[in-house]
Structure formats: C-alpha cells, structure tokens
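**Q** Residue numbers for the sequence shown follow the working numbering, so the first one is 2 and each next one is one higher. For every residue, glycine included, the Cβ atom is placed at its ideal position computed from N, Cα and C.
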Amino acid sequence: MPTAPTPLRTARRQWLEQGQVETGLIPDPLRASWARCREFGLEPLGRPQGAPHASAAQLARALEHRHSLVAHAKPVMAFLNEQVQGSDSLVLLADAQGLLLHSTGDAHFADRAARVALRPGALWSEQWRGTNAIGTALADGRPTVVHGGEHYLERNGFLTCAAAPIADPGGALLGVLDISGDRRGYHRHTLALVRSGARMVEHQLFTARCQAGLVVRLHAQAEGLGTVTEGLVALSEDGWIVGATTAGLELLGLTRRDIGAATVERVFGTELTRLLAQGTAPRLLPRGSGLPPLWMRLEPGHTLRPRARSGPPPAPATDTAWRPVDALAALDTGDLAFRTLLDRARRVVDKPAIALLLQGETGTGKDVLARALHASSARRDQPFIAINCAALPETLIEAELFGHRPGAYTGASRHGAPGRIREAHGGTLFLDEIGDMPLALQARLLRVLEERAVTPLGGSAAVPVDFRLICASHRHLPDDVAAGRFREDLFYRLNGLTLTLPPLRERSDLPALVQKLLQAESPDRALRVDAAVMAAFLSRRWPGNVRQLVHVLRTAVAWVDDGADLITLADLPEDLRRTPTAPPAPGPADAPPPERLRELTAARIRAVLVDTGGNVSEAARRLGISRNTLYRRSR
Numbered sequence: 002m003p004t005a006p007t008p009l010r011t012a013r014r015q016w017l018e019q020g021q022v023e024t025g026l027i028p029d030p031l032r033a034s035w036a037r038c039r040e041f042g043l044e045p046l047g048r049p050q051g052a053p054h055a056s057a058a059q060l061a062r063a064l065e066h067r068h069s070l071v072a073h074a075k076p077v078m079a080f081l082n083e084q085v086q087g088s089d090s091l092v093l094l095a096d097a098q099g100l101l102l103h104s105t106g107d108a109h110f111a112d113r114a115a116r117v118a119l120r121p122g123a124l125w126s127e128q129w130r131g132t133n134a135i136g137t138a139l140a141d142g143r144p145t146v147v148h149g150g151e152h153y154l155e156r157n158g159f160l161t162c163a164a165a166p167i168a169d170p171g172g173a174l175l176g177v178l179d180i181s182g183d184r185r186g187y188h189r190h191t192l193a194l195v196r197s198g199a200r201m202v203e204h205q206l207f208t209a210r211c212q213a214g215l216v217v218r219l220h221a222q223a224e225g226l227g228t229v230t231e232g233l234v235a236l237s238e239d240g241w242i243v244g245a246t247t248a249g250l251e252l253l254g255l256t257r258r259d260i261g262a263a264t265v266e267r268v269f270g271t272e273l274t275r276l277l278a279q280g281t282a283p284r285l286l287p288r289g290s291g292l293p294p295l296w297m298r299l300e301p302g303h304t305l306r307p308r309a310r311s312g313p314p315p316a317p318a319t320d321t322a323w324r325p326v327d328a329l330a331a332l333d334t335g336d337l338a339f340r341t342l343l344d345r346a347r348r349v350v351d352k353p354a355i356a357l358l359l360q361g362e363t364g365t366g367k368d369v370l371a372r373a374l375h376a377s378s379a380r381r382d383q384p385f386i387a388i389n390c391a392a393l394p395e396t397l398i399e400a401e402l403f404g405h406r407p408g409a410y411t412g413a414s415r416h417g418a419p420g421r422i423r424e425a426h427g428g429t430l431f432l433d434e435i436g437d438m439p440l441a442l443q444a445r446l447l448r449v450l451e452e453r454a455v456t457p458l459g460g461s462a463a464v465p466v467d468f469r470l471i472c473a474s475h476r477h478l479p480d481d482v483a484a485g486r487f488r489e490d491l492f493y494r495l496n497g498l499t500l501t502l503p504p505l506r507e508r509s510d511l512p513a514l515v516q517k518l519l520q521a522e523s524p525d526r527a528l529r530v531d532a533a534v535m536a537a538f539l540s541r542r543w544p545g546n547v548r549q550l551v552h553v554l555r556t557a558v559a560w561v562d563d564g565a566d567l568i569t570l571a572d573l574p575e576d577l578r579r580t581p582t583a584p585p586a587p588g589p590a591d592a593p594p595p596e597r598l599r600e601l602t603a604a605r606i607r608a609v610l611v612d613t614g615g616n617v618s619e620a621a622r623r624l625g626i627s628r629n630t631l632y633r634r635s636r
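1. Considering Phe669, what are the terminal residues of the alpha helix (DSSP H) in which it resides?
2. Measure the alpha-carbon distance for Ala387 versus Leu276 and round it to whole angstroms.
3. Tell me which residue opens and which closes the beta strand (DSSP E) that Glu300 is part of.
4. Alpha carbon to alpha carbon, what distance is there between Gly198 and Arg14?
5. For Val71, I'd like the list of residues in its chain whose CB is within less than 8 Å of its CB, leaving aside the five on either flank, ordered along the chain.
6. Out of His152, Val147, Tyr153, state which residue places its alpha-carbon closest to the alpha-carbon of Ala165.
7. Distance check for Glu40 and Gln19, CA to CA, integer angstroms please.
8. Going by C-alpha distance, which of Asp169, Ala356, Ser378 is nearest Glu451?
9. What did DSSP end up calling Ala118 once you bin it into helix, strand or coil?
10. What separation, rounded to the nearest whole angstrom, lies between the Cα atoms of Thr271 and Thr247?
11. Please identify the residue among Thr499, Pro457, Tyr153, Glu203 whose C-alpha is closest to the C-alpha of Asp169.
12. Pick helix, strand or coil for Trp241, following the three-state DSSP scheme.
13. Hey, would you say Asp96 sits closer than 7 Å to Ala134, going by beta carbons?
14. At the level of alpha carbons, what is the spacing between Ala454 and Gly214?
15. Rounded to the nearest angstrom, how far is the Cβ of Arg345 from that of Leu478, given a contact under 8 Å?
16. Residues bridged to Pro465 by DSSP?
17. Rounded to a whole number of angstroms, what is the C-alpha to C-alpha distance between Leu430 and Pro294?
18. At what residues does the alpha helix (DSSP H) containing Ser104 begin and finish?
19. Using a Cβ-Cβ cutoff of less than 7 Å, which residues in the same chain neighbour Trp16 once the five nearest sequence positions on both sides are dropped?
20. Following the continuous alpha helix (DSSP H) through Val268, name the residue where it begins and the one where it ends.
21. Contact defined as beta carbons within less than 8 Å: I believe Leu329 pairs with Leu502. What is the distance between those atoms, to the nearest angstrom?
22. Straight-line CA distance for Phe339 to Gly136?
23. How would you write the range of the beta strand (DSSP E) that Thr132 sits in, first residue to last?
24. Would you list the residues sitting across from Gly182 in a DSSP beta bridge?
25. Of the residues Ala425, Pro283, Asn157, which one's Cα is nearest the Cα of Pro45?
26. Is the distance from the Cβ of Pro572 to the Cβ of Ala527 below 7 Å?
27. When you compare only the Cα positions, how much space is there between Gly244 and Thr191?
28. Return the CA-CA distance between Arg258 and Ser88, expressed in angstroms with no decimal places.
29. Under the rule that 16 or more other beta-carbon atoms within 10 Å means buried, what is Arg48, buried or exposed?
30. Could you check if Tyr153 is buried or exposed, using at least 16 other CB atoms within 10 Å of its CB as the buried criterion?
31. Taking only three categories from DSSP, how would you classify Cys472?
32. Beta-carbon within less than 6 Å of Ile27's beta-carbon, same chain only, minus the 5 sequence neighbours each way: which residues are those?
33. Taking a contact to mean a Cβ-Cβ separation below 7 Å, would you say Val561 touches Leu505 in this structure?
34. Using CA coordinates, which residue listed in Phe269, Thr228, Gly254 is at the minimum distance from Leu236?
35. Classify Ala223: buried if its beta carbon has 16 or more other beta carbons within 10 angstroms, exposed otherwise.
36. Could you check if Lys367 is buried or exposed, using at least 16 other CB atoms within 10 Å of its CB as the buried criterion?
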C-alpha cells in the first residue's frame with residue numbers, strides 16, 4: 002500500500018502546480034519565504050541562476066570589514082564544531098548580506114556542500130539561494146530551521162540547516178551563525194545549540210564595546226549573573242538604554258528598536274539615580290504579576306555618553322559636552338573638525354530625500370562613515386548594499402546596478418537578476434567611487450533617482466524602489482563636471498550634503514584613534530604604544546590615511562610578543578622604524594606631545610578660517626567650538 006504524501010510534499014506539489022499552498026500545510030513564515038523567492042524570480046527546479054560569488058580579494062575585504070565579528074565568532078564556532086563533530090555538519094558564519102565569511106567542520110561534508118556553493122565567498126541571501134536558514138534568518142530577523150524539502154531550490158533539499166542572527170550592542174544586524182548538515186542527520190536540538198552560540202558571540206561583542214560603561218547584568222537566577230548565559234544592557238548617564246544583547250532584550254521584553262529609545266524609568270520602573278543608589282549587589286528586579294523573577298546586578302564603570310534628547314537645540318559642542326551614543330558617535334575620537342562632520346551627518350541621517358556625498362582622499366574612511374550612517378538610521382535593520390563603481394568592468398556595471406531580464410545579453414543568466422539597486426530596497430545604497438561611473442550609466446542613475454523606480458536591462462516595466470543614497474569619491478567632482486567627465490545634473494542631484502573627510506595628517510586625534518584601532522584589532526589584550534612609536538606616528542604624513550594606519554597596527558599586533566602590552570619601534574614595519582622622530586614627551590606613553598597637539602589644532606583652525614574667508618562665527622560653527630575657544634586655540 003503506497004505511503005500517503007507528507008504535508009510538505011503536498012505543499013511543494015501545490016506550489017509547483019498552482020503557485021499557492023493550502024492553509025495549514027506549512028508554517029506561515031515558510032510560506033512567506035517561498036513567496037519572496039518567487040518575487041525574486043527564482044525557479045524551484047532545474048539549474049539555479051548565476052548567483053554572485055566573492056573573489057579572493059573581495060572576501061579578504063569583507064573579512065577585514067567584519068574583523069571584530071569574525072574574531073569573536075571563531076572560538077564559538079570551534080566550540081560548536083566540537084559538539085556536532087562526526088555528524089556530517091558545517092558551522093558557518095555569514096555577514097548581514099548573507100556572504101559566507103568563515104566555516105569549519107567535517108571535511109567530507111564540506112566537499113558535498115561546496116557543490117551547492119555552501120562555502121566562504123558565496124552569497125546565501127534568499128534572493129540568490131531561495132529559502133535557506135541563513136538567508137531566511139536574515140530576512141525574518143529570528144532563529145530559523147530549514148529542513149530538507151523546505152528549501153525553495155530543489156538542489157538544496159539534501160541539507161538541514163539551523164541559523165540564528167547576531168546583532169551588535171546597538172541593535173544592528175551583523176550576521177548569522179549557522180549549522181548545516183545532511184538532512185538525514187537532523188536533530189531538533191541543533192537550533193538551540195546555534196542560538197546559544199549566537200548569544201555567546203553577542204556577549205563577547207558587548208563586553209568588548211561596552212565594558213567601560215554603565216552595565217546591567219540580568220539572569221533568572223542569581224548564580225547566572227556574570228556567566229555567558231546572562232543578558233546584558235548598557236545605560237547612558239542620563240538614563241537611556243543605549244546597548245543590549247538579544248538575551249538582555251528578551252529578559253526585559255524589549256526589541257532592538259527600543260535601543261536608544263527606551264528609558265530606565267520605563268524599563269526598570271525607577272530613576273537612574275535611585276537605581277545607582279541601591280548599590281552593586283545582586284538583587285531581584287521588581288516585576289509585574291505573572292512574570293518570573295529576574296535578578297540584576299549593576300556595574301557603574303565609566304558611564305557611556307548619553308543619548309541626545311528632543312527639545313531645544315543643544316549648545317555648541319565642546320570637548321566635555323555629552324554626545325549621542327550611536328554608530329556615528331563611535332567614530333568620534335576627539336578631532337573637532339571630524340566631530341562637527343559627524344554632527345552634520347546625524348542631522349540628515351533619517352532624511353532620505355537629502356542625498357549624501359562623501360569626499361576625501363583614499364583611505365580616509367568614507368566607506369566606514371557610510372556604514373555608520375546606515376547603522377545610525379531607522380533603516381539599520383534593512384540591507385546595506387555597497388558597490389565600488391571603479392572595481393566593476395564597464396561591460397558589467399549596468400547589469401550589476403539595474404539588474405537584467407532572462408537572456409538580456411550574451412552570457413546573462415536565463416533566470417535574470419534583480420540588480421543591486423533593487424537589493425537596497427528599504428535600506429541604503431552606497432556607491433563608492435561614483436566619479437568612475439561611465440557617463441551613459443550616469444544618465445540611467447539620474448532617471449532612477451528622479452523616478453524612484455528601476456527598469457532592468459532588457460525589460461520594459463519599471464520596479465519602484467525606496468533607498469537612502471550615499472555616494473563617495475576621492476576625486477574632486479566639481480573639477481570632473483567642468484572637464485565633462487561627470488554629468489552636472491547628476492552632481493547637483495547627489496550633492497544634497499557634501500561631507501569632506503579630513504586626511505589623517507590634519508587630524509588632531511591620532512593618539513586616541515590609535516588606541517581605538519588597537520582595541521578593535523586585539524579586543525582581548527590591553528595593548529598600547531610607547532612614546533617613541535607615537536612620535537613616529539605623529540611625524541608621518543600617512544598618504545594612505547586611516548587605512549594605512551590600520552594595516553600598520555595590524556602588523557604590529559601580529560609581531561608583538563604574546564603577553565606583552567606595549568608596542569615598541571621594534572614591532573613596526575621597517576620603513577616606520579627608519580622614520581625620524583621627535584624626542585618623546587613626558588607623561589603617559591599614549592599621550593601626544595602637548596606642543597604637537599597645539600600645533601595640529603591651530604593648523605586646523607587656520608585652514609578652516611581660510612575656507613570660510615575669515616568668518617570667525619562660521620569657522621567656529623564648523624569646528625563645533627565657541628568663538629572664544631577658537632580665539633584661544635588659534636594663538
């Protein structure tokens with residue numbers, strides 16, 4: 002007697018034959034994912050469309066950009082691999098776009114998985130790979146299991162996958178931790194295992210970023226406080242929730258959107274001053290009726306800078322002014338001009354009608370600023386799509402940007418592709434090196450910006466799109482406009498607000514920036530540089546700017562002896578060791594010579610005064626200081 006078809010098989014047959022599924026056969030989230038896949042133009046059967054795959058250089062850049070995530074995830078992945086060893090499984094880490102960054106696990110199964118591109122460098126978002134645990138967890142923002150025939154693409158049906166999102170303390174989605182294996186080895190505990198792994202990574206990320214601030218530790222049991230199973234919440238000095246782990250949010254009944262929006266009074270039922278007055282001993286948190294008890298411990302530390310409240314415009318910024326806590330504030334290491342630039346950016350971060358143009362020399366951090374703008378906006382949970390216009394061949398950039406219909410050109414996928422602009426729908430589109438975009442495509446981009454719709458190559462129907470546009474270029478675009486290399490009408494459309502990043506040699510915050518970058522490169526070690534190294538850094542002109550400084554510090558961190566906490570000249574590349582240096586200044590090893598700091602500050606003020614035609618009020622506004630401070634520091 003033949004076996005009755007399972008509900009999943011019935012659902013797949015209905016989907017293939019009728020394009021819909023009877024209610025109740027499969028869970029609603031799975032049905033929604035299948036529907037999204039159909040909108041992406043994916044076909045469940047046959048050969049898949051040509052999904053993008055990162056080159057070795059592109060993967061290296063992605064690993065560099067997500068260095069902190071990868072560094073904290075690797076030990077956790079090794080632990081998870083020990084738990085699933087011998088089960089034909091892989092432990093995988095993907096970024097927020099679904100790009101696989103790192104994997105570890107069974108070598109035999111890795112060979113099978115590679116046949117469907119389940120390996121580092123492949124993109125596993127839903128729009129390219131259909132329903133799968135990584136892509137669907139990113140789309141839904143919650144832990145997900147996709148087993149066997151639940152995969153939208155039939156060729157992935159041999160897999161069973163469980164994935165859990167990883168968020169940073171500010172609530173931005175960083176990526177996904179996943180365990181994938183042969184569907185015959187499915188175990189219902191795998192999802193719990195991968196969720197625990199994701200929380201361990203979040204715990205480490207929170208500790209690295211917020212350990213110096215005001216932290217609340219939470220757990221259902223007093224003995225759980227201080228362990229990796231606890232929930233963590235960061236508070237600002239004026240009583241706002243400014244950071245949290247997923248575990249912390251769940252224990253308090255909050256969501257990621259409450260970070261930066263919820264107050265201590267609302268969440269803990271009392272003012273921050275009273276909370277602090279109760280001391281740091283573990284105690285029960287008062288809860289409503291029917292809620293389980295919750296233990297908490299407060300650790301004051303060095304409190305985080307508070308979030309800006311609504312109300313009258315703040316007074317001009319000073320060195321001691323309280324600042325908002327967001328991804329933009331995380332870039333502030335003390336340079337007055339750069340701080341003013343961040344403040345200007347923050348005012349338009351949620352005004353997508355105002356396009357942003359980032360200018361500055363190569364290596365000044367335009368891409369880092371663009372990502373911080375996205376992470377500080379209301380769109381932070383939506384896609385961030387970055388395209389380097391200078392890195393794409395002219396023959397491919399049109400299809401890459403605007404997408405294409407099936408068979409639109411020789412070599413095109415027969416299934417078509419949505420294009421990067423459509424991928425940015427709801428989020429942010431970052432066009433790096435926009436000055437290198439061919440003139441013909443500049444006209445098409447201008448039409449997209451004016452009509453807020455994109456027509457794929459070879460198609461006739463325009464598809465509405467909604468995205469925040471950020472462009473960047475190291476070229477001086479007005480010169481390119483004058484030379485006829487860049488369309489004037491597009492330039493004025495992009496030039497809603499231009500932010501020019503200062504070169505490293507003009508910044509006065511080099512010592513603080515060095516310390517911040519060292520912490521990012523080696524979060525588990527309290528490294529610093531000695532006075533001779535700082536003097537060598539201050540004497541450099543840094544033609545490669547911050548990017549060059551990052552590479553120098555990365556090399557130094559690799560060379561410094563294990564257990565050492567001080568980087569010396571012997572740990573620097575040879576060209577830096579030969580650099581003439583000034584005599585080290587007295588005082589702390591990581592402090593700049595006072596006369597050097599005064600010289601840099603005065604030079605920056607003089608440069609801004611020249612730019613403003615001697616207008617002292619405008620110069621003070623750009624620098625974020627008062628007129629009196631400007632007069633005093635320019636002497």
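**A** The structure says:
1. With the chain covering only 2 through 636, there is no way to say anything about residue 669.
2. 43 Å
3. Per DSSP, the unbroken beta strand (DSSP E) holding Glu300 starts and ends at 295-300.
4. Their backbone Cα atoms lie some 36 Å apart in a straight line.
5. These residues qualify, in order along the chain: Leu64, Leu94, Leu102, His103.
6. Val147
7. 15 Å
8. Looking from the CA of Glu451, the closest CA among Asp169, Ala356, Ser378 belongs to Ala356.
9. Of the three classes helix, strand and coil, the one that applies to Ala118 here is coil, per DSSP.
10. Roughly 23 Å between the two C-alpha positions.
11. Glu203
12. strand
13. no
14. 44 Å
15. Going by Cβ atoms, the distance from Arg345 to Leu478 rounds to 18 Å, so no, they are not a contact pair.
16. Ala454
17. 45 Å
18. No alpha helix (DSSP H) contains Ser104, which is instead part of the beta strand (DSSP E) from 101-106.
19. Val22, Trp35
20. 265-269
21. At roughly 13 Å, the Cβ-Cβ gap does not stay under 8 Å, so Leu329 and Leu502 are not in contact.
22. 37 Å
23. Run containing Thr132: none; DSSP gives neither H nor E here.
24. Ser90, Thr161
25. Asn157
26. At residue 572 the sequence reads Asp, which differs from the Pro that was named. No, Cβ-Cβ distance for Asp572 and Ala527 is not below 7 Å.
27. Distance from the CA of Gly244 to the CA of Thr191, rounded to the nearest whole angstrom, comes to 28 Å.
28. In this model, Arg258 and Ser88 are separated by some 38 Å (Cα to Cα).
29. exposed
30. Note on Tyr153: 16 or more other CB atoms within 10 angstroms of its CB, so buried under the neighbour-count rule.
31. strand
32. Ala12
33. no
34. Phe269
35. exposed
36. buried
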